[in-house]
Amino acid sequence: MKHVRRRVVRRVTRVAAVGGLLLGGAMVAQAAMASEPPGAPATRAAPSGTAGGSGPAGAAGGTAATLAAKLGTARTAGSWIGADGRPVVAVTDAGAAREVRGAGAVAKVVPHSMDELKSATARLASAPRVPGTAWAVDYRTNQVMVEADRTVSAGDWSKLSELASGIGGFVHMERMKGAFTTRLNGALPILSTGGRCSAGFNVSDGQRDFILTAGHCGPTGSIWFADSQGNQKLGSTVRGTFPGNDFSLVRYDSGSAGQGADVVSIGGGKGVRITGAADPSVGQRVFRSGSTSGLHDGQVTALNATVNYPEGAVTGLIQTDVCAEPGDSGGPLFSEGVALGITSGGNGDCTTGGTTFFQPVTKAMAALNVRLLVSAQNAGGAQGATPAPAATAGQGAMAPNSASPGSSAPVTGATEGQTLLAQLTDTRNIAPGLLIVAVSLILLIATRFIRAEQDRRAYRRYYSATWG
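This is the structure in structure tokens:
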């Protein structure tokens, strides 16, 4: 009976070992396939300020910007994309209007040139700073729009109104609901002791990879984690600026952004593949993703906006009617797969709506001397390209409302910093499969050794009995 039990145990052990070998081999194969990116690998070949590709995107904004630059700021007052997708240029005289129409764009004759409008914003900037205010040139109405939130006192509002009246009737004053604040509380969440932000875009200096995010998210030295328990460390802030500008670099502890570096999250395990970077156009449909509110869209309403946050003034921002909420700070702004900006702040929320401002991504990358990580198939065309002067991410022949975020892609992430259980259950990790294969081989070897030892002992017992 004892011999029968031993044979059963050996047989079960051999079956388990063989099954383990098959399972481990399948896991290794699955991990190898899962580790292959769905498209071309990310590369560091995208120069900042380039659209990273050709096609209809960029045609309208590029045409309008080129015309405005050619005619000069004394004869033009900005450009934008019309509802039909055609480029529109504001001009101050009939001769400029003929040139614009001759180039195939729409001309709108306005009373105030860009020189006059910029002079007005300079007057506003030279006055004592009032937190809770913002201003930008509205190209479509040929006005300077000055906004004040609920925190601005009646006395400060009166002083601002008097200043605006002295500049001219084209400075329009408006009270806003809520308060202009940074959105600190992507677009995957990144957390530190200072609060919660969203990851923006992955960039590289040619040696190491970084997360480009908002400068107000944390000062140099801030430590960032991917989880609220502090188990999954991402890296630390190594450079940044706020106020004045609003951008910073978080250096990955591993030195690499890993797989999916060219993809920004839009929620639900989905993402959008980023193909390049550019400056937006007024009227362009854009998309913003953040770790708090997810994916939302809207239009660019102004460029070179100034916001007076409680912490200080930030200039040169992209103004939009896209909503955002606390925790969305640093998240990406993009359209048709082209990186445009990183979330700075604003007012309102995604229930009532509001205004949100973004740090232009091209300006941030140029200041930090980094390049966007994009897929290899897009980097080849962008290598060595000359940065466009402005508005290279326009919607081309498309109407603004027909734009899309960009091509979809799954969101992936590196296993570094994961808990042991998470790593063992990650189908992209080859280690669990190899571990099962190794254990199965040990079991097979052990069963053969045990059987040989049992046979040797049985042989000795048999002959020792016959020797009597």
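Numbering (this note's numbering), first residue to last: 194 to 661.
Built from N, CA and C at the ideal position, the CB exists for glycine as well.
Burial is judged here by how many other beta carbons sit within 10 angstroms of a residue's own beta carbon; D277 has fewer than 16 and is exposed. Secondary structure of R333 (DSSP, three-state): coil.
Secondary structure note for K352: its alpha helix (DSSP H) is the uninterrupted segment A347 to I360. Selection A495, T259, K463 and T434 evaluated against G487 yields K463 as nearest (Cα-Cα).
Residues C516 and E518 of the same chain have their beta carbon placed closer than 7 angstroms to that of D542, with the five preceding and five following residues left out of the count. Distance from the CA atom of S312 to the CA atom of K352, rounded to whole angstroms, is 19 angstroms. The alpha carbon of P598 has as its nearest neighbour, out of G539, I635, I638 and Q492, the alpha carbon of Q492.
For A602, DSSP records a beta bridge to G464. Contact between A392 and T406 is confirmed by a C-beta separation of about 6 angstroms, below the 8 angstroms threshold.
Between the alpha carbons of A289 and T266 lies a gap of roughly 11 angstroms. For K301, the uninterrupted beta strand (DSSP E) run begins and ends at V299 to V302, by DSSP. Under the 10 Å beta carbon count, I511 is surrounded by 16 or more other beta carbons and is classified as buried.
Closest option to K556, judged by alpha-carbon separation, among R268, S441 and R316: S441.
In the same chain as A372, and ignoring 5 residues on each side of it, the C-beta atoms closer than 8 angstroms to its own belong to G325, D342, R343, T344 and N540, in chain order.
Boundaries of the beta strand (DSSP E) harbouring D490: G487 to Y502, taken from the DSSP string.
Beyond the five residues adjoining it in sequence on each side, T549 comes within less than 6 angstroms, by CB distance, of T513, V515, A517 and G539 in the same chain, given in chain order. Collapsing the DSSP output to three states places K370 in coil. With respect to the 8 angstroms criterion, S429 and R444 are classified as neighbours on the basis of their beta carbons. By the C-beta density criterion, K370 is exposed, having fewer than 16 other C-beta atoms within 10 angstroms. When S601, G399 and A471 are compared, the shortest CA-CA separation from S458 is found for S601. Of the other Cβ atoms in all chains shown, 16 or more fall within 10 Å of the Cβ of Q425; this residue is therefore buried. Just so you know, the alpha carbons of L310 and I416 end up roughly 42 angstroms apart. The C-beta separation of G461 from T536 comes to about 20 angstroms, leaving the pair out of contact by the 8 angstroms criterion. Here A329 is not near H305, since their CB atoms are 8 angstroms or more apart. In the structure shown, the three-state DSSP call for P412 is coil.
In the structure shown, P321 adopts coil according to DSSP, grouped into three states. In the DSSP annotation of this structure, the continuous segment of the alpha helix (DSSP H) that includes V554 starts and ends at V554 to L561. Beta-bridge pairing by DSSP links E340 to A327 and E367. CA-CA distance, G546 to D490, rounds to 11 angstroms.
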